[in-house]
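First residue of the sequence shown? That's 1 in the UniProt record's numbering, and the numbers climb one at a time after it. Every residue gets a Cβ at the ideal spot worked out from N, C-alpha and C, and that includes glycine. Some notes on the structure that comes next.
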Amino acid sequence: MMEICICDDEKELRKSLSKIIKTELQLQGIPCRIREFDSGSALLEGLEEEDGDILFLDIKMKSLNGIDTATQLRKISPHIVIIFITAYPDFVFQGYEVRAFRYILKPYREDKIREILGLAVEESRRMEEQFYYIKQKGQLLRLPLKEILYFKSDRKKVTAVTVKGQEVFYARLSDIEAELPTGFIRIHNRYLVNLSHVSRIGNTFCLCGEEQLPVSRACRQELAAAFARKLLHS
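The following block contains the structure:
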């Protein structure tokens with residue numbers, strides 16, 4: 001489901017924008033949930049509890065303006081697609097500092113909203129492919145694929161070890177293996193590694209990050225072939 005957020009202190013604009021977005025996504029057959037916020041502080045609080053995919057953010061707001069809101073937002077939601085809404089073209093250049101995706105100038109046209117929404121959906125889906133999602137304590141947690149070192153299975157629990165730490169969740173390693181893109185390889189019935197972080201292999205082990213992990217006899221040949229391909233194309 002696509003999570004859309006609208007942040008503007010003008011209620012009528014929020015309602016109008018929400019209606020256009022909902023209608024367009026329904027026509028495209030894309031399930032969505034639209035959340036409205038009337039201030040930057042309310043948005044930050046809401047997204048800290050539950051992340052979003054696409055954000056329509058007004059620049060000129062009372063108290064916390066859109067630029068300052070986006071600056072703080074990037075610390076808790078670095079991957080959300082931000083579309084600024086503004087009547088002031090001069091603010092456009094400031095948006096690059098917070099990686100704004102597009103701008104919509106007020107008064108906006110419906111066809112422009114639909115056009116930019118379509119592009120934002122494509123961008124959001126492209127970014128989604130760069131993550132692995134795990135369910136933890138009833139919430140979805142997004143792990144950047146490039147930061148994952150390996151997955152370790154311990155009965156019904158799996159530990160995702162990343163460059164930043166560890167996340168434990170309930171899953172089967174075989175299901176994770178089926179969901180991951182090329183580049184992740186099974187080295188043991190309990191281990192699944194990100195080949196891009198493997199720097200050395202032996203008959204019974206591989207070095208993943210700074211850790212030495214066990215390699216089973218059944219997985220040895222496939223790992224050696226995959227590692228050779230990696231070296232050949234690096």
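How big is the Cα-Cα spacing for residue i and residue j?
i, j, result
"Ile180", "Leu64", "As written in the sequence, residue 180 is Leu, which differs from the Ile given in the question. Going by the C-alpha atoms only, they are around 40 Å apart."
"Gly52", "Leu141", "12 Å"
"Ile187", "Lys164", "22 Å"
"Gly66", "Pro78", "15 Å"
"Arg190", "Val158", "9 Å"
"Ile201", "Ala224", "7 Å"
"Phe131", "Cys32", "20 Å"
"Gln139", "Gly29", "24 Å"
"His197", "Phe205", "14 Å"
"Arg109", "Leu55", "18 Å"
"Ile49", "Arg74", "Here the sequence assigns Glu to residue 49, which means Ile is not the residue at that position. One C-alpha to the other measures close to 14 Å."
"Arg172", "Ser153", "8 Å"
"Leu44", "Arg155", "38 Å"
"Ile6", "Phe37", "6 Å"
"Glu129", "Gly183", "13 Å"
"Thr162", "Leu207", "14 Å"
"Tyr88", "Leu145", "38 Å"
"Arg126", "Glu12", "32 Å"
"Glu147", "Glu167", "12 Å"
"Met61", "Pro107", "16 Å"
"Asp68", "Asp90", "15 Å"
"Gln94", "Ser199", "41 Å"
When burial is assigned at 16 or more other CB atoms within 10 Å of the CB, is residue i buried or exposed?
i, result
"His233", "exposed"
"Arg14", "buried"
"Asp111", "exposed"
"Tyr96", "exposed"
"Leu27", "exposed"
"Ile80", "buried"
"Asp8", "buried"
"Ile76", "exposed"
"Tyr150", "buried"
"Ala100", "buried"
"Ile226", "Looking at the sequence shown, residue 226 is not Ile but Ala. By the 10 Å Cβ count, Ala226 comes out buried."
"Ser124", "buried"
"Ser1", "The sequence as given places Met at residue 1; Ser does not occur at that position. That one is exposed."
State yes or no: is the C-beta of residue i within less than 8 Å of the C-beta of residue j?
i, j, result
"Leu117", "Glu24", "yes"
"Leu195", "Lys230", "yes"
"Ile83", "Ile104", "yes"
"Ala160", "Ile185", "no"
"Val98", "Ala70", "yes"
"Ile4", "Ile21", "yes"
"Ile34", "Ser16", "no"
"Ser47", "Ile85", "Sequence check: residue 47 is Leu here, not Ser. Taking 8 Å as the Cβ cut-off, Leu47 and Ile85 do not qualify as a contacting pair."
Per DSSP, which one or two residues make a beta bridge with residue i?
i, result
"Gln163", "In the sequence as displayed, the identity of residue 163 is Val instead of Gln. Answer is none; Val163 lacks a bridge partner."
"Glu36", "Ile6"
"Leu140", "Lys135"
"Pro214", "Phe205"
"Asp58", "Ile85"
"Leu105", "Thr86"
"Ala150", "The question names Ala, yet the displayed sequence has Tyr at residue 150. Val161, Val193, per the DSSP bridge assignment."
Does the pairing of the segment 170-178 with the segment 199-213 give three or more beta-carbon distances under 8 Å? no
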